[in-house]
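Enquirer: Going line by line, the protein sequences match chains D and P.
First residue of the first sequence: 1, per full-length UniProt numbering; consecutive thereafter.
First residue of the second sequence: 1, per full-length UniProt numbering; consecutive thereafter.
Think of the CB as a built atom: it goes at the ideal place given N, C-alpha and C, for glycine as much as any other residue.
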Amino acid sequence: MVALRTKRTNNEADEPSSPVLRFDADKPLKLDAGTLLSPFQIAYKTYGTLNDARSNAILVCHALTGDQHVASTNPVTGKPGWWEVLIGPGKIIDTSRFFVICSNVIGGCLGSTGPASTNPATGKPYGLDLPIITIRDMVRAQLMLVDHFGIEKLFSVLGGSMGGMQVLQWASSYPERVFSALPIATGARHSSQNIAFHEVGRQAVMADPEWHGGKYFEQGKRPEKGLAVARMAAHITYLSEAALHRKFGRNLQDREALTFGFDADFQIESYLRHQGMTFVDRFDANSYLYMTRAMDYFDLAADHGGRLADAFAGTKTRFCLVSFTSDWLFPTEESRSVVHALNAAGASVSFVEIETDRGHDAFLLDEPELFAAINGFIASAARARGLSA
Amino acid sequence: MSVNHAQRVDLEVVAGLIPAQARVLDVGSGDGLLLELLQATKQVDGRGMELSQRGVNECVARGLSVIQGDADKDLKFYPDKGFDFVVLSQTLQATRNPKLVLDELLRIGKHAIVSFPNFGHWRVRLSLFLDGRMPVTKDLPYSWYDTPNIHFCTIRDFVNLCDELGATVEKATALDANGQKIGLSMPWWFWNFFGQQAVFLLRR
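(1) Buried or exposed: which applies to H274 of chain D, given that a residue is buried once 16 or more other Cβ atoms fall within 10 Å of its Cβ?
(2) May I have a chain-ordered list of the beta strand (DSSP E) segments no shorter than 3 residues that lie completely inside the region 258–290 of chain D?
(3) Would you kindly report the start and end of the unbroken alpha helix (DSSP H) that includes S143 of chain P?
(4) Mapping DSSP to helix, strand and coil, what is G306 of chain D?
(5) Between G164 of chain D and R123 of chain P, what straight-line distance do the alpha-carbon atoms span, to the nearest angstrom?
(6) Start and end of the alpha helix (DSSP H) containing Q142 of chain D?
(7) Within 10 Å of its beta-carbon, does T259 of chain D have 16 or more other beta-carbons around it, so buried, or fewer, so exposed?
(8) Can the beta-carbon of C153 of chain P be found closer than 8 Å to that of L202 of chain P?
(9) If you reduce the DSSP assignment to three classes, tell me which class Y216 of chain D lands in.
(10) Taking 8 Å as the CB-CB limit, is A22 of chain P close to chain D?
(11) Give a yes or no on whether the C-beta atoms belonging to A233 of chain D and V200 of chain D are separated by under 8 Å.
(12) Please determine if the region 94–114 of chain D and the region 263–280 of chain D are in contact, where contact requires at least 3 C-beta pairs separated by less than 8 Å.
(13) Would P16 of chain D be called buried (16 or more neighbouring beta carbons within 10 Å of its own) or exposed?
(14) Using 8 Å as the limit for Cβ to Cβ distance, is Q53 of chain P near chain D?
(15) Apart from the five residues just before and just after A379 of chain D, which ones in its own chain have a Cβ nearer than 6 Å to its Cβ?
(16) List the residues of chain D that Y142 of chain P touches, going by C-beta distances under 9 Å, in chain order.
(17) Taking just the CA atoms, how far does M138 of chain D sit from P183 of chain D?
(18) For I132 of chain D, which option in D:L300, D:L31, D:L364, D:G214 has the closest C-alpha, if you only look at C-alpha atoms?
(19) For A3 of chain D, which residues in the same chain have their Cβ closer than 8 Å to its Cβ, ignoring the five residues on either side in sequence?
(20) Under 8 Å between C-beta atoms, does E256 of chain D make it to chain P?
(21) Since F351 of chain D meets chain P, which of its residues come closer than 9 Å, beta carbon to beta carbon?
(22) Note down, in chain order, every chain P residue with its Cβ under 9 Å from the Cβ of F377 of chain D.
(23) Beta-carbon within less than 7 Å of L11 of chain P's beta-carbon, same chain only, minus the 5 sequence neighbours each way: which residues are those?
(24) Hey, is the region 184–195 of chain D in contact with the region 320–336 of chain D, meaning 3+ C-beta pairs nearer than 8 Å?
(25) Give me the subset of the region 328–350 of chain D whose CB atoms are less than 7 Å from a CB atom of chain P, sorted by chain position.
(26) Listing by chain order, which chain D residues have their CB less than 7 Å from the CB of R47 of chain P?
(27) Please confirm whether S240 of chain D has its beta-carbon closer than 8 Å to some beta-carbon of chain P.
(28) Just the Cα atoms here: how many angstroms apart are G249 of chain D and Y238 of chain D?
(29) Classify E170 of chain P: buried if its beta carbon has 16 or more other beta carbons within 10 angstroms, exposed otherwise.
(30) Give me the Cα-Cα distance between E210 of chain D and S156 of chain D, rounded to the nearest whole angstrom.
(31) Verify whether the separation of the beta carbon atoms of V87 of chain P and V14 of chain P is less than 8 Å.
(32) Going by DSSP, what residue range makes up the alpha helix (DSSP H) through T332 of chain D?
(33) Report all residues from its chain with a CB closer than 7 Å to the CB of M189 of chain D; omit the five preceding and five following residues, and keep chain order.
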C-alpha cells in the first residue's frame, strides 16, 4: 500500500497527467538562492480559449498545498478542482470568455520541478538537494509559461493565501504584464506567528524516522505520520474557533460517552486525523517543507528597503483585495497594510472585508459576498480592458 | 456615514464642479452614487473610501474602486496632490476631527469639494429657538442620541475654518430647501439663514 502510494505521487511529479512545459539547459530558472535550476519543467492546466488579441488570459495562482487542477477533476484525489465553485463555463470566472491558466508552482509535487522530481544529475529524487524556492522564483517560472503562450499582458492574476503572495509578487515584479490583480486572504509578508506554525509542521515531518533526511523515496518509505501531524496543526489555522465550535462543539465521535483513553473521542479529533491521513495520500513531505519555507521567506517590503509602497511605485495595475473577518492566519490588517501601500503609490485599489466565521479557508468556499466582489471587479476591469461581455 | 440619500441634490452640484477625465477621490462614498454619476457623465478616474463595510462591498460588486477606510485615520496614507479633486459630501459633520480631515483633503487634492448640511438654516434655528429641541428635519433625520453627525457647523463656521487652514474658496453654492441654488449676489448671512446645504470648492 505504501509502495503503491509512493510510486503514484512520484510519477505525477515526473510525468504528470496535465500538460508540461520543459525548459532545457539553454533556459535555466534563475533562483533567489543564487543558483540556476536547469533543466526544469512546469506542469499546467488551461481552460477556455486565448483570444486573437491574447488579452483575455487569467493566471490563477494556487495556495500552499494546491495544484494546477483548479477547475477540473484532480487526477490524484478524484475530487473536483479546488476552485470549481468560482471558475468554469458560466461561472464568475467564465471559461467560455476567459483563458484561464493555472500551473503547479516550482517546488510543488504535481509535475513542476520540485523535491519529488528526479534530479537528472543523480537519477534520484532531488529531496533536499533542490535549492530553496521563493515566491519570486515561482513567479519567475510562471512568467516563462506566460511568455510561452505569447501573452504580453495578463488580464488578471488572482489567488488566495500563498497564491495571493504570488499575485502581489507578479504586480510588483512585472507591473506592465498585469492588467488587474486579485490577492485574496493574503499579506505582503509572512508573520512571525505564521512562521511559527510552519516550523511546527516542518519539525513534525523531520522528526518522523521515515523521513530519512529527506531521502525517503530511496528507502521506499514516506514520513506519513509526521506529514499528517503537520497538516493537522496547519488545518486548525485555516479555520476559526467559532467555525470549529459550530461544526463540532464537544460532540463525541460514534460513541455515547468518553472512553477514558486516547482514541479520537471527540469529533474534532476524528476530523483532524482524517484531514491528516487524506493529505499524505496526495502531497509530498519534502514539497511541504519547500512550500512552507517559500511563504516564510516572503517579505515584499523588505525587498524594497522596508517601504511597501515602493514595491508598487508607479503601478497602473487595478487591484482588488479581499480579507475575511475570522481569518487569523492572514488577518484583515495584513490586507489593509497592502491597501495603504497601494494608496501611497497612487494605485487603483478596491478592498473588501467579508464577514464570515469560516476563517482563512473561506476563500475556497461558496461565499456569495466574495463572488459578488470578484464579479464586480472583473466586470469593470474587463470593460476597461475593452473585453466584450 | 452620510446622511439620507433621497435628498442628495448636492451631488449634481458637486458633479458640476468636476471636469471630464479628472482623478477623483470620494471620501465617504456611501453606496457609490456620486462615483457612478461621475463615471457615467464625466468618465473620471474615480476612487472611493467608505467607512461602512456593507457600502464598500456593494460598491465593489458594482465595479467601483472603493476601499474600506476611515476619513479620520486613513487619509494620511495618500500622497500629496495625488488627486485632482477630493470630494467630501455630507460627511464632514460625521468626522471626529473635521479640521484635520479638511486639512488632509487640501493636501491630497489639487482641489477639495466639501458639501455639508447648514446648521444655521432657519428651520434649525427655529426648532432650537421655539421648541427648545434639537432639530429633526428631512435633511437631518436623526435624533440627537443616534446621529452619526457629531460635528455640525454653519456656513459661516465653515468659512472661518477655511480661513484658519489657509484655504481659498474658489466657488461656493448654497441650496435652499427645494434644492435650488441661492443667488450668488446674496450676502453670507442670507446664505447662512436660507441655505439648507452648502457646497464649497476649495484649494490651497
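Expert: With the structure as the only source:
(1) By the Cβ neighbour-count rule, H274 of chain D is exposed, with fewer than 16 other Cβ atoms within 10 Å of its own.
(2) Taking only runs of at least 3 residues, no beta strand (DSSP E) segment lies wholly in the region 258–290 of chain D.
(3) No alpha helix (DSSP H) holds S143 of chain P; DSSP gives it neither H nor E.
(4) Judged by DSSP in its simplified three-state form, G306 of chain D adopts coil rather than helix or strand.
(5) Distance between the alpha carbons of G164 of chain D and R123 of chain P: 54 Å.
(6) Secondary structure note for Q142 of chain D: its alpha helix (DSSP H) is the uninterrupted segment 135–148.
(7) With fewer than 16 other Cβ atoms within 10 Å, it is exposed.
(8) For C153 of chain P and L202 of chain P, no; Cβs fall outside 8 Å.
(9) Coil, per DSSP.
(10) So, not an interface residue.
(11) Contact flag set, yes.
(12) By the C-beta criterion, the region 94–114 of chain D is judged not to be in contact with the region 263–280 of chain D, since fewer than 3 inter-stretch pairs fall below 8 Å.
(13) Burial call: buried.
(14) By this cut-off, Q53 of chain P is an interface position.
(15) Excluding sequence neighbours, A379 of chain D sits near nothing in its chain.
(16) The premise fails here: Y142 of chain P is roughly 25 Å from chain D at the closest Cβ pair, so nothing lies under 9 Å.
(17) Rounded to whole angstroms, P183 of chain D to M138 of chain D spans 16 Å at the Cα level.
(18) Of the candidates D:L300, D:L31, D:L364, D:G214, the one whose C-alpha sits nearest the C-alpha of I132 of chain D is D:L31.
(19) Any reading at A3 of chain D must be qualified, since the residue scores a pLDDT of 40, below 50, and its modelled position is unreliable; no value is offered.
(20) No, because no Cβ of chain P sits closer than 8 Å to the Cβ of E256 of chain D.
(21) What F351 of chain D touches in chain P: V56, V60, V66, I67, Q68, G69.
(22) Correct list: V60, A61, G63, S65.
(23) The beta carbon of L11 of chain P is closer than 7 Å to those of L33, L34, L37, S89 in its chain, skipping five residues each way along the sequence.
(24) Touching, yes.
(25) The residues in question are V339, H340, N343, A344, G346, S348, V349, S350.
(26) Here the neighbours are S348.
(27) No, S240 of chain D lies away from the interface with chain P (no Cβ there is under 8 Å from its Cβ).
(28) Looking at the two C-alpha atoms, the distance is approximately 17 Å.
(29) E170 of chain P should be labelled exposed.
(30) Taking the straight line joining both Cα atoms gives about 42 Å.
(31) Taking 8 Å as the cut-off, the beta carbon of V87 of chain P is found closer than this to the beta carbon of V14 of chain P.
(32) 332–344 is the span of the alpha helix (DSSP H), which, as asked, contains T332 of chain D.
(33) It is worth fixing the name first, because residue 189 of chain D is Arg in this sequence and not Met. The residues are F298, D299, L300, A301.
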